[in-house]
Every structure is written in structure tokens, then in C-alpha cells.
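Numbered per our numbering, the sequence shown finishes at 745, counting up by one with no gaps.
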Amino acid sequence: MIQTLLGLTCYLFLPTAYFVMCRLLLYKGKQPIQLAHLLTKPAHSIINQSFDSRLRIDRRRPINGDGFGVGWYEPDADSETANTPCIFTSVTPAWNNNNLIRLAEKIKSPLVFAHVRASTAGTVTETNCHPFQYGRLMFMHNGGVAQFDRIKRRLISTLKEDIFLFVQGSTDSEWSFALFLNFLKNPDADSFDYIELKEAMLKTISQLNEWADEAGITEPSLLNFAVTDGESVVCARYVSSDTLEAPSLYFSSGTKFESYEPGHYRMVKADRREDMVVVASEPLTFEKADWLTIPTNTILVITPKLSVLLSPIKDKYYRADPLGRSADAPVVGPGVHATGEEDTITTPEKSETISNLNAVCNTTPCRSLYRNRDTPAPKIPARRKPSLSTNDSDNSESDSTISLPDDDEGDMTYIEGGPRSLYPKGNAVPRAHHSRNLFRDMNPRNTKRGTPAVQAL
Numbered sequence: 289m290i291q292t293l294l295g296l297t298c299y300l301f302l303p304t305a306y307f308v309m310c311r312l313l314l315y316k317g318k319q320p321i322q323l324a325h326l327l328t329k330p331a332h333s334i335i336n337q338s339f340d341s342r343l344r345i346d347r348r349r350p351i352n353g354d355g356f357g358v359g360w361y362e363p364d365a366d367s368e369t370a371n372t373p374c375i376f377t378s379v380t381p382a383w384n385n386n387n388l389i390r391l392a393e394k395i396k397s398p399l400v401f402a403h404v405r406a407s408t409a410g411t412v413t414e415t416n417c418h419p420f421q422y423g424r425l426m427f428m429h430n431g432g433v434a435q436f437d438r439i440k441r442r443l444i445s446t447l448k449e450d451i452f453l454f455v456q457g458s459t460d461s462e463w464s465f466a467l468f469l470n471f472l473k474n475p476d477a478d479s480f481d482y483i484e485l486k487e488a489m490l491k492t493i494s495q496l497n498e499w500a501d502e503a504g505i506t507e508p509s510l511l512n513f514a515v516t517d518g519e520s521v522v523c524a525r526y527v528s529s530d531t532l533e534a535p536s537l538y539f540s541s542g543t544k545f546e547s548y549e550p551g552h553y554r555m556v557k558a559d560r561r562e563d564m565v566v567v568a569s570e571p572l573t574f575e576k577a578d579w580l581t582i583p584t585n586t587i588l589v590i591t592p593k594l595s596v597l598l599s600p601i602k603d604k605y606y607r608a609d610p611l612g613r614s615a616d617a618p619v620v621g622p623g624v625h626a627t628g629e630e631d632t633i634t635t636p637e638k639s640e641t642i643s644n645l646n647a648v649c650n651t652t653p654c655r656s657l658y659r660n661r662d663t664p665a666p667k668i669p670a671r672r673k674p675s676l677s678t679n680d681s682d683n684s685e686s687d688s689t690i691s692l693p694d695d696d697e698g699d700m701t702y703i704e705g706g707p708r709s710l711y712p713k714g715n716a717v718p719r720a721h722h723s724r725n726l727f728r729d730m731n732p733r734n735t736k737r738g739t740p741a742v743q744a745l
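Now the structure itself:
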């Protein structure tokens with residue numbers, strides 16, 4: 289009885305923003321993909337995540353049954369409606385919607401957003417289902433703005449008239465999208481530069497934090513945002529805390545996303561260039577080496593040519609040493625402040641660059657991301673590329689730890705240690721909750737008697 293009361297007490301005093309976690313997924317590729325390969329066929333597809341979520345921070349329940357939404361762009365670039373997305377939403381649970389299953393078997397698209405909802409604010413209606421659309425833009429959110437009712441009036445008062453009238457639902461997510469639109473020079477434009485989208489995302493996060501501070505809100509907000517204009521994609525994995533971890537977010541890239549047996553998929557890397565990128569709240573495959581964790585408080589950008597850029601968000605919640613090591617240790621690569629300002633790029637003398645994500649994935653598999661924190665990072669063979677530069681004037685994409693050559697050929701460039709370069713040398717990327725056990729739980733084929741499903745790390 290005492291244990292029950294203690295457990296109830298702890299439950300009641302958990303931050304409310306942690307009670308509910310949606311799940312999201314996005315795909316961008318050179319070739320259209322059948323939606324079923326993302327939504328229904330993988331054993332841990334986003335539809336399965338709607339009733340069997342493994343990595344929700346709240347750890348309370350695995351159900352995301354308050355509706356769903358799927359948005360996609362036409363593969364025919366010459367079509368009259370190619371610039372605007374088509375969005376299908378429903379308040380029924382994703383696992384129980386036959387229309388979604390039938391549509392997923394017939395629709396192909398080079399850019400897909402999908403979202404399953406567990407409501408935090410607002411009623412369960414189609415207008416509150418993600419993704420949201422404005423012109424050619426799509427937006428979705430996993431998390432919640434802490435005590436949003438205390439800053440909602442302030443947010444509304446800053447919006448332009450046409451953006452205020454655009455909002456149809458009542459969620460903190462859609463109002464956050466309206467704030468994002470308010471920071472764009474012209475939200476009705478026919479095209480957007482990914483840098484403009486990224487800056488608007490940073491300003492949105494910064495403004496929400498500023499209003500929360502002014503209102504005396506100490507509860508952290510969970511702001512996993514994703515936005516696209518049909519050409520580029522900008523995602524944020526963010527929590528307004530320097531001690532807590534944001535909702536889980538992973539990415540995978542390669543040349544082909546294939547099924548090798550029913551329900552089992554893998555990302556094939558048959559070429560040095562990337563033909564597709566998948567970002568998801570939880571991995572869709574059982575192949576651990578396919579997925580990399582997006583670090584907490586980081587912006588991820590997918591450019592029109594499928595280059596992937598990662599930049600830490602440097603604000604008052606930024607931690608150069610997320611694993612508890614000395615804060616004096618240098619950080620490799622530049623950071624981006626939540627105000628949109630960038631740091632001067634400083635690269636340690638011994639750092640090298642490699643211009644191939646495949647080299648990172650093949651040499652340092654994903655399991656190394658969960659290596660014991662006392663174990664130094666492995667040395668990855670480096671290949672110099674004369675066209676690379678750490679000078680902002682020479683490289684338009686040098687604002688990220690993962691930067692690109694001048695010609696933007698689509699190659700990814702990692703500073704020594706790959707994704708580890710976002711943090712002090714020798715530190716591992718912080719893992720999401722339960723990420724070590726996720727693949728063990730998901731893959732029954734590897735559970736032989738007396739043999740662990742995942743090798744000890």
C-alpha cells in the first residue's frame with residue numbers, strides 16, 4: 289500500500305509535458321517510395337508505433353491513438369499541384385484505419401511526413417491532427433509546449449492577421465507553426481531556402497523560451513519540430529533543459545530501403561552518395577547499424593540535394609559536455625545559437641575530415657554510439673578533400689558539424705569521430721531512453737536460448 293502511494297505521488301509530480309509523446313516519421317529521397325514501406329509493412333512501422341511505442345520518455349503507456357496524419361508531395365514535378373502537399377488525417381487510431389492501409393499501397397512520393405498523435409492539448413479532432421499545412425509548407429511536432437495556456441495570448445498578439453486567421457485547431461503545435469510562419473519573410477513564397485527555414489525554426493524555439501521565462505514557467509518544453517517546403521527539410525530535437533533529454537529522434541540514410549523478408553527492412557548503402565534519408569522517432573528496422581541518434585538540442589537539415597547537416601543549438605540550455613565530462617574540453621565544429629547567430633568555426637589541429645557517411649557507418653557501426661563512456665572513440669581513417677573548407681566565406685554550409693563541399697555534391701562530411709564531433713573528443717553521443725534495449729526487444733529472430741539478442745557493448 290505504501291509503495292502504491294509513493295508511486296502515485298511520484299506520478300502526480302512528473303512534469304506534465306512528459307506525460308504524452310507522439311511519434312513522427314519523415315522520408316526524403318531521389319526516387320518516390322511507396323508509403324506502405326514506411327507506414328505499414330515494417331514490423332516497427334509508424335502504425336505499429338501507434339500502439340507499441342518503445343522509446344516514449346513518459347514510459348507511461350505505448351499508445352498513440354488520438355488520430356494520425358500523412359502528408360506527401362506528388363512525384364511529378366510538372367504537375368500543377370506538385371508544389372503543395374496532400375494531407376490525409378483521421379481521428380481514428382492509425383492501426384484501425386483501412387483507408388490508410390489502402391492508400392499506402394497505391395501512393396508513391398519522394399517526400400513524406402507521417403505522425404501518430406497522443407494528445408496533450410486540444411480536443412481529438414481532424415483539425416488538431418498533424419501534419420499542418422500552409423501553402424507549400426508542412427509542419428509536425430512531437431512533444432509539448434510547457435503550460436502553453438500561460439503564453440498563448442502573448443503568442444497570438446504577435447501574429448500577422450493572415451497567419452492568425454490560418455489557425456483552425458487548438459493545439460500548441462499548430463500555434464507554434466503559426467509562430468514559425470510569422471518569422472518567415474514571405475510564408476506564401478513559391479520557394480524557400482533551407483537556411484531561411486532553419487533560422488525561422490531557431491527563432492521559434494528562442495521566442496517560446498523567452499516567453500516561458502517571462503511567465504515564470506520552469507517546466508521544460510519538448511520541441512521536436514519538423515518542417516518542409518517539398519524541397520528541403522528542417523528538424524529539431526530539443527528540450528528546454530540542460531539536464532533532461534529530448535524525445536528520441538533518429539536518422540538513417542543510404543541508397544535503398546529494402547525488405548529482405550516480410551516485416552524486416554534494412555537500409556542498403558551501395559554507393560558513396562545518399563539517395564534517401566529517413567528521420568523517425570523510433571527506428572523502423574532491426575538493423576542497429578542503420579540508425580544514428582540525433583543528439584539532444586540539435587538542428588538537422590536535409591538539403592534539396594540530400595546533404596545532411598547537423599548543428600547543435602547553442603542557447604542557455606546548451607551543454608558542450610552532455611555526458612558529464614569537463615566543460616573545458618573543446619568542441620569540434622561550430623554551433624548555432626537559438627537567436628540564429630553562429631559561432632566562429634574553430635577546428636582542433638589534429639582533426640581530419642572524411643567525406644563519406646558510408647565510411648562512418650561501415651567503420652564505426654551504430655553500436656559504437658552506445659560504447660561505455662570511459663572508452664575513447666575509435667580512430668576513423670581520414671581522407672582529405674581539397675575542396676573542403678572551414679571558412680564561412682568559402683563554404684556556404686560550413687555552419688554545421690556535418691558540412692559539405694562547395695559544389696554540394698551530396699556527400700556528407702564528418703569531422704573526426706563522425707557524430708561524436710558534436711561533443712568533446714572521446715565522448716559518445718548520448719543515447720535515447722531504452723535505445724540499447726530497443727533492438728533486442730524488436731528482433732525475436734536473435735533470441736536464442738543462452739545467447740543475448742544484442743552483443744554486450
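Ideal Cβ placement from N, Cα and C applies to all residues, glycine included.
Test item: CB-CB of residue i and residue j under 8 Å
| i | j | result |
| --- | --- | --- |
| Y605 | S479 | no |
| V515 | I587 | no |
| L399 | V358 | no |
| V596 | V566 | no |
| P571 | Y538 | yes |
| W579 | S540 | yes |
| A503 | R438 | yes |
| N371 | R424 | yes |
| F513 | A488 | no |
| G432 | S509 | yes |
Distance, residue j Cα to residue i Cα
| i | j | result |
| --- | --- | --- |
| L511 | E393 | 32 Å |
| F401 | K448 | 27 Å |
| A466 | G542 | 33 Å |
| G551 | R560 | 27 Å |
| E562 | E546 | 15 Å |
| D476 | Y422 | 8 Å |
| E519 | V589 | 11 Å |
| R554 | M426 | 27 Å |
| M428 | S461 | 7 Å |
| A365 | A608 | 42 Å |
| V619 | K602 | Any reading at V619 needs caution, since the residue's pLDDT is 27, under 50, leaving its predicted position unreliable; the model's value is listed next. Roughly 12 Å separates the two Cα atoms. |
| D501 | A558 | 49 Å |
| L490 | P592 | 20 Å |
| R442 | N470 | 14 Å |
| V373 | L388 | It should be noted that the sequence gives Pro, not Val, for residue 373. The alpha-carbon atoms of P373 and L388 are separated by roughly 16 Å. |
| F574 | S458 | 37 Å |
| W499 | T377 | 31 Å |
| Y482 | R390 | 33 Å |
| D530 | K318 | 37 Å |
Backbone secondary structure at residue i - three-state DSSP
| i | result |
| --- | --- |
| I483 | helix |
| L453 | helix |
| T591 | coil |
| E261 | The question about residue 261 has no answer, for the chain in this structure spans 289 to 745. |
| F784 | The shown model of the chain, from 289 to 745, leaves out residue 784, and the question about it has no answer. |
| I444 | helix |
| R607 | coil |
| T581 | strand |
| Q435 | coil |
| H552 | strand |
| N430 | strand |
| N385 | coil |
| F513 | strand |
| E393 | helix |
| T543 | coil |
| S528 | coil |
| F420 | strand |
Beta-carbon proximity list for residue i, same chain, < 7 Å, skipping 5 on both sides
| i | result |
| --- | --- |
| K440 | W463 |
| A324 | A392, E393 |
| K486 | V522, I587, V589 |
| P419 | G357, G359, I375, F401, H403, M426, F427, M428 |
| T369 | E362 |
| Q456 | T415 |
| Q495 | L467 |
| L532 | P508 |
Residues near residue i by beta carbon distance below 8 Å, same chain, minus five either side
| i | result |
| --- | --- |
| E484 | L472, K473 |
| K396 | P320, I321, Q322, L323, P363 |
| V556 | G542, T543, K544, F545, E546 |
Contact belief for residue i with residue j at Cβ below 8 Å, rounded distance in angstroms
| i | j | result |
| --- | --- | --- |
| N385 | R311 | Contact flag wrong, Cβ pair sits at about 15 Å. |
| A434 | I493 | Going by Cβ atoms, the distance from A434 to I493 rounds to 13 Å, so no, they are not a contact pair. |
| F452 | I444 | 6 Å |
| K316 | L594 | 7 Å |
| A534 | L313 | Rounded, the Cβ-Cβ distance is 17 Å, inconsistent with contact. |
Contacting residues, own chain, Cβ-Cβ under 6 Å from residue i (five flanking each side not counted)
| i | result |
| --- | --- |
| D517 | R424, L425, F480 |
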